[in-house]
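To convert, take the position in the sequence shown, counting from 1, and add 34; that gives my numbering. Working notes, beginning with the structure itself.
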Amino acid sequence: MSTLNGPFTGGPTLNDGATMPWLGIGVWQTKDGDEVVHAVKSALEVGYRSIDTAAAYKNEEGVGRGIRESGVSREELFITTKLWNGHQGYESALQAFEDSRRKLGLEVIDLYLIHWPVAGKYRESWKALIHLQKEGLVKSIGVSNFQIHHLKDIIEDTGVVPAVNQVEFHPLLTQRELLKYSREQGIQLEAWSPLMQGNLDLPLIQELAAKYGKTPAQIVLRWDIQQGVITIPKSVHANRIQENAGIFDFTLSDEDVKALEELNQDSRFGPDPDNFNF
Numbered sequence: 035m036s037t038l039n040g041p042f043t044g045g046p047t048l049n050d051g052a053t054m055p056w057l058g059i060g061v062w063q064t065k066d067g068d069e070v071v072h073a074v075k076s077a078l079e080v081g082y083r084s085i086d087t088a089a090a091y092k093n094e095e096g097v098g099r100g101i102r103e104s105g106v107s108r109e110e111l112f113i114t115t116k117l118w119n120g121h122q123g124y125e126s127a128l129q130a131f132e133d134s135r136r137k138l139g140l141e142v143i144d145l146y147l148i149h150w151p152v153a154g155k156y157r158e159s160w161k162a163l164i165h166l167q168k169e170g171l172v173k174s175i176g177v178s179n180f181q182i183h184h185l186k187d188i189i190e191d192t193g194v195v196p197a198v199n200q201v202e203f204h205p206l207l208t209q210r211e212l213l214k215y216s217r218e219q220g221i222q223l224e225a226w227s228p229l230m231q232g233n234l235d236l237p238l239i240q241e242l243a244a245k246y247g248k249t250p251a252q253i254v255l256r257w258d259i260q261q262g263v264i265t266i267p268k269s270v271h272a273n274r275i276q277e278n279a280g281i282f283d284f285t286l287s288d289e290d291v292k293a294l295e296e297l298n299q300d301s302r303f304g305p306d307p308d309n310f311n312f
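What follows is the structure in structure tokens.
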């Protein structure tokens, strides 16, 4: 695994040989049009090179516009989007990908994920993603919100191991078994809602922020990457986007990493993948 020093250049090497930045910007709940364009351009101006969107966010067109208006060359960027639940299945997944690619205005997507493990459909969806990768339309393929049993299903079916699994991950939901399994299989874990949707007022996090002279958000984001977990905090505010990147000039002690881990309550702010109304 590569150095944790430097947010925008380098990052973990995925199991297909691609390199993905440790830190990206998420655009969930960011409105299409000027709001998402501004967020993307602000992030790219600061130096971010990884942007995470999804068909379900309904802002792929704005993300594409932000990329084009930023002036940053395509080769420098790592763009992720996701296959939504209603489009799962083999043929429909292929069509949904084309729609996303058109909206983004990109020939090739860096990472395409199955957004949720829709029962009875995610296996065929995974086969469609394998096809897209073989065709050179996607550099890396992966999943989101997959539990261990979902991962085993698609690996046993196809022999192809996802490059990434993007899941809810934070100090109140540390996903230790999933993290261990992912490391064993060579699957890169990525954290969505790393900042617990703003619920950062836990005493320990506040104490560590004071100790390290950092914000509570920076403490949690640093905790992510020290465990080898990619993180994609969302914000529409330029100052917060820049602030979230200030996590590469300090290191949490092993004791503090463990103390944060012990906050775990298996608490979710988002849906449970095994009990989600798809």
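Every residue, glycine too, gets a C-beta built ideally from N, C-alpha and C.
Q: Please check the pair residue 267 and residue 81, which I expect to be a contact at CB under 8 Å, by giving their CB distance rounded to whole angstroms.
A: Position 233 of the sequence shown holds residue 267. Position 47 of the sequence shown holds residue 81. Taking the Cβ atoms as the reference, residue 267 lies roughly 15 Å from residue 81, outside the contact range of under 8 Å.
Q: For the region 240-255 and the region 206-217, state whether three or more C-beta atom pairs, one from each stretch, are separated by less than 8 Å.
A: The region 240-255 vs the region 206-217: no contact.
Q: Output yes or no for whether 7 Å exceeds the beta carbon distance between residue 128 and residue 89.
A: For the purposes of this step, residue 128 is taken as residue 94 along the sequence shown, with counting starting at 1. For the purposes of this step, residue 89 is taken as residue 55 along the sequence shown, with counting starting at 1. Taking 7 Å as the Cβ cut-off, residue 128 and residue 89 do not qualify as a contacting pair.
Q. How do the region 68-82 and the region 44-52 stand: do at least 3 beta-carbon pairs fall below 8 Å, yes or no?
A. no
Q) What residues are listed by DSSP as bridge partners for residue 18? A) Since the first residue shown for the chain is 35 and the last is 312, residue 18 is missing from the structure and cannot be characterised.
Q.
Using a 10 Å radius around the Cβ and a threshold of 16 neighbouring Cβ atoms, would you call residue 13 buried or exposed?
A. Lying before the first or after the last residue shown, residue 13 is absent from the chain, which here runs from 35 to 312.
Q.
Just to confirm my understanding: we take residue 173, look at its own chain, exclude 5 residues before and 5 after, and list those with CB closer than 8 Å. What are they?
A. The count along the sequence shown starts at 1 and reaches residue 173 at position 139. The answer, listed in chain order, is 50, 52, 142, 143, 144, 145 and 167.
Q | Which of helix, strand or coil DSSP assigns to residue 36 | A | As a first step, residue 36 is located in the sequence shown; it is residue number 2 there, counting from the start. Confidence at residue 36 is low in this model, with a pLDDT of 34, below 50, so its placement is unreliable and the value that follows should be read with caution. Of the three classes helix, strand and coil, the one that applies to residue 36 here is coil, per DSSP.
Q: Please report the residue range of the alpha helix (DSSP H) in which residue 68 lies.
A: Taking the sequence shown and counting its residues from 1, one reaches residue 68 at position 34. 68-80 is the span of the alpha helix (DSSP H), which, as asked, contains residue 68.
Q: Would you be able to state if there are at least three C-beta pairs under 8 Å between the region 197-209 and the region 297-309?
A: yes
Q: Take residue 284 and list the residues in its own chain whose beta-carbon comes closer than 6 Å to its own, dropping the five residues that flank it on each side.
A: Here residue 284 refers to the residue found at position 250 when the sequence shown is read from its first residue. Counting only Cβ-Cβ distances below 6 Å, and skipping sequence neighbours, we find 246.
**Q.** Check whether residue 117 and residue 149 have beta carbons under 7 Å apart
**A.** For the purposes of this step, residue 117 is taken as the residue at position 83 of the sequence shown. For the purposes of this step, residue 149 is taken as the residue at position 115 of the sequence shown. Judged by their CB atoms, residue 117 and residue 149 are nearer to each other than the 7 Å cut-off.
Q. Since residue 134 and residue 94 are thought to touch, with beta carbons under 8 Å apart, how far apart are those beta carbons, to the nearest angstrom?
A. Here residue 134 is taken as the residue at index 100 of the sequence shown, counted from 1. Here residue 94 is taken as the residue at index 60 of the sequence shown, counted from 1. Yes, they are in contact, since the Cβ atoms of residue 134 and residue 94 sit about 6 Å apart, within 8 Å.
Q. Thinking C-alpha only, which one of 123, 183 and 140 is nearest residue 156?
A. Position 122 of the sequence shown, counted from the first residue, corresponds to residue 156. Nearest C-alpha to residue 156: 123.
Q. So what does residue 268 bridge to, in DSSP terms?
A. Locating residue 268 in the sequence shown gives position 234, counting from the first residue. Answer is 60.
Q: Would you grab the beta carbon distance between residue 228 and residue 258 for me? Rounded to a whole angstrom, and I think it's under 8 Å.
A: Looking up residue 228 in the sequence shown gives position 194. Looking up residue 258 in the sequence shown gives position 224. With 8 Å as the limit, residue 228 and residue 258 qualify as a contact, their Cβ atoms being about 6 Å apart.
Q: Determine, using beta carbons only, whether residue 138 and residue 200 come nearer to each other than 7 Å.
A: Taking the sequence shown and counting its residues from 1, one reaches residue 138 at position 104. Taking the sequence shown and counting its residues from 1, one reaches residue 200 at position 166. No, they are not a contact pair.
Q.
Between residue 239 and residue 253, how many whole angstroms is the CB-CB distance? I'm expecting something under 8 Å.
A. The residue given as residue 239 occupies position 205 in the sequence shown. The residue given as residue 253 occupies position 219 in the sequence shown. At roughly 6 Å, the Cβ-Cβ gap stays under 8 Å, so residue 239 and residue 253 are in contact.
(Q) Do residue 270 and residue 87 have their beta-carbon atoms positioned less than 7 Å apart in this structure? (A) Position 53 of the sequence shown holds residue 87. Position 236 of the sequence shown holds residue 270. Not closer than 7 Å, so no.
Q) Does the Cβ-Cβ distance between residue 260 and residue 286 come in under 7 Å? A) If you number the sequence shown from 1, residue 260 lands on position 226. If you number the sequence shown from 1, residue 286 lands on position 252. Yes, the pair counts as a contact, with Cβ atoms nearer than the cut-off.
Q: Starting from residue 113, trace the beta strand (DSSP E) both ways and give me its first and last residue.
A: Translated into positions along the sequence shown, residue 113 becomes position 79. Note, residue 113: beta strand (DSSP E), 112-117.
Q: Mind checking who residue 285 pairs with in its DSSP beta bridge?
A: Sequence index remark: in the sequence shown, residue 285 carries index 251 (1-based). Answer is none; residue 285 lacks a bridge partner.
Q. To the nearest angstrom, how far is it from the Cα of residue 13 to the Cα of residue 190?
A. A query on residue 13 cannot be resolved here, the shown segment of the chain reaching from 35 to 312 and no further.
Q. Roughly how many angstroms separate the alpha carbons of residue 35 and residue 115, rounded to a whole number?
A. Here residue 35 corresponds to residue number 1 of the sequence shown, with the count starting at 1. Here residue 115 corresponds to residue number 81 of the sequence shown, with the count starting at 1. Residue placement at residue 35 is flagged as unreliable, the pLDDT there being 29, under the threshold of 50; the coordinate-derived value follows with that caveat. Answer to the nearest angstrom: the Cα atoms are 24 Å apart.
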